[in-house]
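Down below is the structure, laid out as structure tokens.
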Amino acid sequence: MSTNSAGVMGSRGRVRIGLVDLFDGSEKRNLDFMTEFARTAEASGFDGIWMPEHVLFFDEYDSVYPYPEAPIAANPDVKEQHNKVVDGKAEVESAPEQGLLDMFQTAVAVCAATTRLRFGSSVLLLPLRNPRLLAREALTVAELTGDRFDLGVGVGWSAEEFEACESDFTVRGKRCERLINDLKTAWSGDRGKRSSLPAGTTPPRVLIGGHSRAAVRRAGTVADGWYPWNLTPAEFEEGLEALDRHLATAGRSRDDVHVIAGFRAVGEIADLSRIVARYAELGVDGVNISLRMTEDNYAHVMSEVADALELTGSDA
Amino acid sequence: MEFGIACAFGSGSTGSLYDAIQTGARAAEELGFASWWALGDREVLTSSAHDPTLGLHCVARATRTIRLGLAGDLPSVRAAAVRAKQLASLDWFSDGRVELGIDVDEPPQGLLEDDGPADSVDSLGTAMDRLAAMEALWTRCRGEVRSDTVTFAGAIALPKTVGERRLPVHLRGTKALRRVLERRGHIDGWLAWRVNEGELRNGLGELADVLGADAAQVRKTWFVDAGETGASREGAAAAGVDELVAVFEHVPGADELRKVIA
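Here the protein sequences line up with chains G and S, keeping their order. Going by this note's numbering, the first residue of the first sequence is number 1286, and it counts up by one from there. Going by this note's numbering, the first residue of the second sequence is number 12, and it counts up by one from there.
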């Protein structure tokens, strides 16, 4: 990795650095907090804020959280478990009374408070949505954020959440792919006479979360990008090779997609530049980092990370 | 009688939609309008308007007291938990000003998924199941529901509506009034959507027939085209309407709003 006044540079140009964090609708994380958090991130040189999605949480799950291990900042080839494991089963990293605000309204609020920062879903549980409604919602978010919204989508891991949201967990992958095609069709104007959609708004890019074979195939064939989570550089490189094969099959190239490496930070902030550099060398367009900052320490942590990645003074 | 605004969220100018909504919303509040409504799903489907909930989010951010309403939400086309979070978030951003107008009639084909559940078989039953599920998620620490449409137990849904309240529910039209009352017990309001004065009076009569003395407790809202507001005032007041709402096909500016209350 190299840095200059434009920020982190990788093999395919400047690497956008995003922060993954939560706006939960609690008293502590009120609208003032959201505004200050977003403005601090923007002033510190970060390119985006990304928020995970869960519609519901539960005290107990039969489903297993699939991302309990993350590469260590100082030695990204090695993973360390950061989530709680009970009876050999990884659990999602959440508070006992965990909430999350609606993704789209949060995007509008964050972008209204900033001028260049992007906002993305990390990731939206696409199979839970009615695509007829989502097509319009996503265009509206794009309009109201000034085209600063990225639609990361995934298939989820919690069967409990899917059942409560009236969606068949067992077919979520196929449904995700069909819904992406539905969205693209709606946005392309090929909708027959069923509905009208707002004109003149550019749809958000759709990034596929996850690193399963199916996820990488979807990224290469029907989506606008790939956004895997917690992969070592070797795993990421393997995924990129598969992505390139699928892109070629679809008559596309890496120039047609946006690739982001996301990870839960494990280790010292000073070491983050090492793991970011490894991803940058592989040719990512962006790196998203989950730091799990608190209401009290976020400004300090952002400053430290910006220093470690030499972001301060960067500009879009 | 109070006055309100309803609009499609499309900008009538070349500026940003966000700015147009903020400007219009501030003007509406300063001019003393009591509410701002988004069009129903049925109307939005056939328009090029933007999403109603996100439009209301922008109104919420620009105002402090004005009530925010959805004039025709179709519960039969959305998963209850997904919609519950959207509405609870809107309530959170608006500090508790959201009101929910529901449309329980058969949903339009354009809002049904090709291979979606056959929820049009009993759209009213589906809608009421989902409304009950949303209310459980808004009001209970660990939501539990078991119905033909929705089943969950131990669900943590946060944020909740402000004060963990049930949102005021306004029923659009009277066709399903008896069944809705059988299922829910009461409604908070009744919406007469772009009907003429004769139809308004018929609807009010039906409310009185079904609800008896309780009809007086139901808030009555009459939506008319913005250009017809002046001509509708007298009839609205005489009929006992609580709120007359001027419907625009775009986000109105301050001058258009002044004409409504002139």
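The beta-carbon is built from N, C-alpha and C at its ideal position, and this holds for glycine as well.
Could you tell me if residue i is buried or exposed, where buried requires 16 or more neighbouring beta carbons within 10 angstroms of its beta carbon?
i, result
"residue 196 of chain S", "exposed"
"residue 96 of chain S", "buried"
"residue 1369 of chain G", "exposed"
"residue 1530 of chain G", "exposed"
"residue 152 of chain S", "exposed"
"residue 1485 of chain G", "exposed"
"residue 10 of chain S", "Absent from the structure is residue 10 of chain S, since the part of chain S shown begins at 12 and ends at 273."
"residue 1332 of chain G", "buried"
"residue 1443 of chain G", "buried"
"residue 1313 of chain G", "exposed"
"residue 1538 of chain G", "exposed"
"residue 4 of chain S", "In the structure as shown, chain S starts at 12 and stops at 273, and residue 4 of chain S therefore has no counterpart that could be examined."
"residue 57 of chain S", "exposed"
"residue 132 of chain S", "exposed"
"residue 1478 of chain G", "Only weak support is given to the placement of residue 1478 of chain G: the predicted model assigns it a pLDDT of 47, under 50, and the value that follows is read from those uncertain coordinates. Under this definition residue 1478 of chain G is an exposed residue."
"residue 75 of chain S", "exposed"
Please classify residue i: does DSSP put it in a helix, a strand, or coil?
i, result
"residue 232 of chain S", "strand"
"residue 1590 of chain G", "helix"
"residue 1582 of chain G", "coil"
"residue 255 of chain S", "strand"
"residue 1347 of chain G", "coil"
"residue 1406 of chain G", "strand"
"residue 1319 of chain G", "helix"
"residue 270 of chain S", "helix"
"residue 1595 of chain G", "coil"
"residue 1467 of chain G", "helix"
"residue 1298 of chain G", "strand"
"residue 1512 of chain G", "strand"
"residue 1434 of chain G", "strand"
"residue 79 of chain S", "strand"
"residue 5 of chain S", "It is not possible to answer for residue 5 of chain S, since the shown part of chain S is limited to 12 through 273."
"residue 150 of chain S", "helix"
"residue 1390 of chain G", "helix"
"residue 1416 of chain G", "helix"
"residue 1530 of chain G", "helix"
"residue 1614 of chain G", "Beyond the ends of chain G as shown, which are 1286 and 1601, falls residue 1614 of chain G; an answer cannot be given."
"residue 1400 of chain G", "coil"
"residue 1481 of chain G", "coil"
"residue 1601 of chain G", "Reliability of the predicted coordinates at residue 1601 of chain G is poor, the pLDDT of 38 falling under 50, and the value obtained from them is presented with this limitation in mind. Reduced to three states, the DSSP call for residue 1601 of chain G is coil."
"residue 1450 of chain G", "coil"
"residue 1501 of chain G", "helix"
"residue 60 of chain S", "coil"
"residue 118 of chain S", "coil"
"residue 17 of chain S", "strand"
Please confirm whether residue i and residue j have their CB atoms less than 8 angstroms apart.
i, j, result
"residue 1572 of chain G", "residue 1590 of chain G", "no"
"residue 66 of chain S", "residue 49 of chain S", "yes"
"residue 236 of chain S", "residue 186 of chain S", "no"
"residue 221 of chain S", "residue 182 of chain S", "no"
"residue 1300 of chain G", "residue 1565 of chain G", "yes"
"residue 1604 of chain G", "residue 1551 of chain G", "What the structure shows of chain G is the stretch from 1286 to 1601, and residue 1604 of chain G is not part of that stretch, so it cannot be assessed."
"residue 84 of chain S", "residue 121 of chain S", "no"
"residue 255 of chain S", "residue 39 of chain S", "no"
"residue 1532 of chain G", "residue 1568 of chain G", "no"
"residue 1402 of chain G", "residue 100 of chain S", "no"
"residue 263 of chain S", "residue 18 of chain S", "yes"
"residue 46 of chain S", "residue 15 of chain S", "yes"
"residue 1418 of chain G", "residue 92 of chain S", "no"
"residue 1557 of chain G", "residue 1304 of chain G", "no"
Using a Cβ cut-off of 8 angstroms, pull out every chain C residue sitting near residue i, in sequence order please.
i, result
"residue 1592 of chain G", "Chain labels in this structure do not include chain C; the protein chains are G and S."
Problem set entry | Proximal residues, the segment 1368-1392 of chain G versus chain S, C-beta separation under 8 angstroms | 1382, 1383, 1384, 1385, 1386, 1387, 1389, 1390, 1391
Exercise. Which residues, in chain order, does the segment 1410-1426 of chain G contribute to contact with chain S at a C-beta distance below 8 angstroms?
Worked result: 1413, 1414, 1415, 1416, 1417, 1418, 1421, 1422, 1424, 1425, 1426
Exercise. Below 8 angstroms, can you find three or more Cβ-Cβ pairs linking the segment 1462-1470 of chain G to the segment 91-109 of chain S?
Worked result: no
Problem set entry | Any 3 or more C-beta pairs closer than 8 angstroms across the segment 1383-1398 of chain G and the segment 1348-1358 of chain G | no
For this session: Determine which residues of the segment 55-79 of chain S have a Cβ less than 8 angstroms from any Cβ of chain G, and write them out in chain order.
Result: 55, 56, 57, 58, 59, 60, 61, 62, 64, 65, 66, 68, 69, 72
For this session: Evaluate the contact criterion for the segment 1430-1438 of chain G versus the segment 1403-1415 of chain G: three or more CB pairs, one atom per stretch, below 8 angstroms.
Result: yes
Problem set entry | Short-range partners of chain S found in the segment 1305-1332 of chain G, where Cβ spacing is below 8 angstroms | 1309, 1310, 1311, 1316
Exercise. Given 8 angstroms as the limit, is there contact between the segment 1338-1347 of chain G and the segment 1528-1547 of chain G, that is, 3 or more CB pairs closer than that?
Worked result: no
Problem set entry | Segment contact flag, the segment 158-165 of chain S with the segment 1363-1383 of chain G, C-beta cutoff 8 angstroms, min 3 pairs | no
Exercise. Relative to chain G, which residues along the segment 13-31 of chain S have a C-beta separation below 8 angstroms, given in chain order?
Worked result: 20, 21, 27, 28, 29
Exercise. Do three or more CB pairs link the segment 1419-1428 of chain G to the segment 1318-1326 of chain G at distances below 8 angstroms?
Worked result: no
Exercise. How do the segment 1448-1456 of chain G and the segment 1491-1501 of chain G stand: do at least 3 beta-carbon pairs fall below 8 angstroms, yes or no?
Worked result: no
Exercise. Just by C-beta distance, which residues in the segment 38-57 of chain S are closer than 9 angstroms to chain G?
Worked result: 52, 55, 56, 57
Problem set entry | the segment 95-106 of chain S: positions lying closer than 7 angstroms to chain G by Cβ | 96, 97, 100, 101, 103, 104
Exercise. For the segment 157-175 of chain S, which residues have a CB atom closer than 9 angstroms to at least one CB atom of chain G, in sequence order?
Worked result: Listed in chain order, the positions of the segment 157-175 of chain S with a beta carbon within less than 9 angstroms of a beta carbon of chain G are 160, 161, 162, 163, 164, 165, 166, 167, 168, 169, 170, 171.
Problem set entry | Near-chain S residues of the segment 1334-1356 of chain G - C-beta to any C-beta below 8 angstroms | 1340, 1341, 1342, 1343, 1344, 1345
For this session: Identify each residue in the segment 1436-1463 of chain G for which the Cβ-Cβ distance to at least one residue of chain S is less than 9 angstroms, and report them in chain order.
Result: Closer than 9 angstroms at the C-beta level to chain S, one finds these residues of the segment 1436-1463 of chain G: 1445, 1446, 1448, 1449, 1450, 1451, 1452, 1460, 1463.
Exercise. The segment 79-93 of chain S: which residues have C-beta closer than 9 angstroms to a C-beta of chain G, in chain order?
Worked result: Correct list: 88, 89, 90, 91, 92, 93.
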